[in-house]
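One line per chain: the protein sequences are Y and V, in this order. Take the first sequence: its position 173, counting from 1, is numbered 173 in my numbering, and each next residue is one higher. To convert, take the position in the second sequence, counting from 1, and add 1000; that gives my numbering. Glycine included, C-beta positions come from ideal geometry on N, C-alpha and C. Fair warning: this is a prediction, and the values are worked out from it, not measured in the lab. Notes to accompany the following structure.
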Amino acid sequence: MGQKKATLNVNMQSDQDPEFSRLLSENVTQYKAPDRLRRRIVESLEEQRRSSWRGSMSNITEYIRGHWQTLAAAAATGVAATLIGSHMLMVTAYGDALTQQVVSSHIRSSVSTHPIDVASSDRHTVKPWFVGKLDYSPQVQDYVTDGFELVGGRLDYVNDRVVAALVYKRRLHMIDAYSWPTKEAAKSISRRSQNGINVLEWRENGMQFYLASDIEDNELAELARLMRRNKAI
Amino acid sequence: MKPPVHRFEAIVLPHLDAAYNLARWLVRDEHAAEDVVQEAYLRALRYFDAFRGSEIGEARSWLLGIVRNTSYTWLKNAKRSGSTVEFDDGAELDIADASDLPIGRVENPEAIFSSKAERNEINSAIRALPMSFREVLILREIEEMPYESIAKIMQIPIGTVMSRLSRARSLLRVALEATFRASSYES
C-alpha cells in the first residue's frame, strides 16, 4: 500500500522534483497559529499604539510650552501644522474644535435676538444670577472705565458643559467671555482666529477662559489683561 | 501620527499562520514560536511606514523576513543563556485519519494513504536538518515562495537559494531513504 509513496528516487539530480515536492507538501506539518496568539497580538498592537501616542503627545506638550509664541504667530498665517508635522494636527485639532465651538456660540449670539439672559452692568446682579444654574461661580467684573462695558450674561453650552458667558461691549462691537473650571495646568494667553472671529484663550487658578469677538485681537488682549489683573471675584 | 489602525491589520494579520508556521519550524518550540511571532508583529508595526509594497504577496514576504530575523535573534539569545531548545514531537503529529490532515493545498488521494509513522519520519527528518536547509525547504516547499522572495528573506543571492534547496532535498532524501529502507519498503 505504501509502495508508491516510497519511490524516493535518489538518482534524480535535477532541481525540479515534483514528486518529492508533493511528498513534502502533503506530509510536512503546516502549523496554524492558535487563537490565543491571535488575541495576544491584536492586544499588544493596540498597546503599542497607545504607548507611542502617549509618548509623542508628551513631546508635543513640551514643544508647545517652549514655542507657543512662534506657534501663535504661525497659526495666524496657517503654517502651524507644517511647522511641527503631522503630530501637531492632533493637538490643534482638539484646540481648534473648542475654538470652533466658541466661535459658533459667539456668532449665534451676535445674530440672536436674545443674546443675554440677565441684562445688567452690575456684577452684584449678574454674578448671583448664575447661582443655582451652574456648578461654579464665574468671575464677573465691569471694565466700563477701561472701555469694556459689561452688558450682561447668559448660559451657554461649550466643551460638553453648561458654561457662563459674559457679554461685553467695546464701542459697537460685542465680546463674549466664557469661563469654566478646569483641571488642566495654567496657560498663558494664546490667540486663534476662525471665520473672521478672533479668539483668545488662557487658563489660571483652575479656570479656563475664552474671549471671542470680531474686534482686533490686540484690543481683545486688553480685556484679557484686565481680567487677569483683576482677581477680585 | 499613529499608524492607521485598520490598514496594518488588514494587510499583515492575514499572514499570521504563515508567520507562526515559519517561526515554529525555525525555533522548534511551541511557546517560543508564539513569542517570536508577537515580537515580529510589533516590529512590523514599527516599520510599517517604511513598507511600500502594496501587493498582498509582498506583505507576506516582508513579514516572513521579520519573523525569520526575530527567530534568529531568539535562538541566539537562547543559546547565550544556555537554555536548551526542545524538540517538539507534539500531539499535532498524531494524525489518525484523513480528516486530521494538516492544512494542505494538495488534494491527493495518495496523501490519505500516508501512514502516521511515515508522516512523523518526514517531519522529524526536516526538523533535524541544519537551520539554513530547513529554512529554505519550508519557504520553498511549504510556503511556496518564489526564489526572489526567499533570497530577500534569507539575505542570500538567488543562486545560493537554488543550490541550498537542492542540497536540502538531497539531505532529506538520503535521510528518508535510509528510514524507509529500515522500515522494509522497496526502494
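With its beta carbon at least 8 Å from every one in chain V, leucine 98/Y lies outside the interface. Those residues of the stretch 1139-1162 of chain V placed with their C-beta closer than 7 Å to a C-beta in chain Y are Glu1141, Ile1142 and Met1162, ordered along the chain. With contacts defined as CB atoms closer than 8 Å, glycine 153/Y and tryptophan 129/Y qualify as a contacting pair.
For tyrosine 1020/V, the closest alpha carbon among the candidates Phe209/Y, Leu23/Y, Arg49/Y and Asp35/Y is that of Asp35/Y. Rounded to whole angstroms, the separation of the alpha carbons of glutamate 149/Y and leucine 223/Y is 10 Å.
The bridge partners DSSP lists for glutamine 208/Y are Trp180/Y and Arg203/Y.
Residue pairing by DSSP places lysine 187/Y opposite Arg203/Y in a beta bridge.
Closer than 8 Å to the CB of glutamate 1034/V there is at least one CB belonging to chain Y. In the displayed model, alanine 97/Y falls within a helix according to three-state DSSP. Not a single CB atom of chain Y sits nearer than 8 Å to the CB of aspartate 1029/V. If you look at alanine 1044/V, you'll find it in the alpha helix (DSSP H) that goes 1030-1047. Put simply, the CB of phenylalanine 20/Y is near chain V, with a gap under 8 Å to one of its CB atoms.
Proximity of chain Y to aspartate 1017/V at the Cβ level (cut-off 8 Å) is accounted for by Gln30, Tyr31, Lys32 and Ala33, in chain order. Neighbours of arginine 1119/V across chain Y, judged by C-beta separation under 7 Å: Asn27.
In terms of Cβ geometry, isoleucine 175/Y and leucine 226/Y do not form a close pair [threshold 8 Å]. With contacts defined by Cβ atoms closer than 8 Å, alanine 186/Y and tyrosine 178/Y do not form a contacting pair. For the pair phenylalanine 1008/V and aspartate 1049/V, the Cα-to-Cα distance works out to about 10 Å. Within the DSSP secondary-structure output, arginine 154/Y pairs in a beta bridge with Ala165/Y. Only residues of its own chain outside the window of five on either side were considered, and among them Val140, Gln141, Asp142 and Leu150 have a CB closer than 8 Å to the CB of arginine 123/Y, listed in chain order. Residue burial is scored here from C-beta neighbours: histidine 114/Y has fewer than 16 other C-beta atoms within 10 angstroms and is therefore classed as exposed. For tyrosine 143/Y, the three-state secondary structure derived from DSSP is strand. Minimum Cα-Cα distance from isoleucine 1122/V among the listed residues Ser190/Y, Arg228/Y, Arg22/Y and Met207/Y corresponds to Arg22/Y. Valine 1012/V sits in a helix when the DSSP states are folded into three classes. If you check each beta-carbon in the stretch 186-210 of chain Y against every beta-carbon of chain V, none falls closer than 9 Å. The three-state reading of DSSP puts histidine 106/Y in helix, counting H, G and I together.
Interface flag for serine 51/Y against chain V is unset, since no Cβ pair is found closer than 8 Å.
With respect to chain V, the C-beta atom of aspartate 214/Y has no partner C-beta closer than 8 Å.
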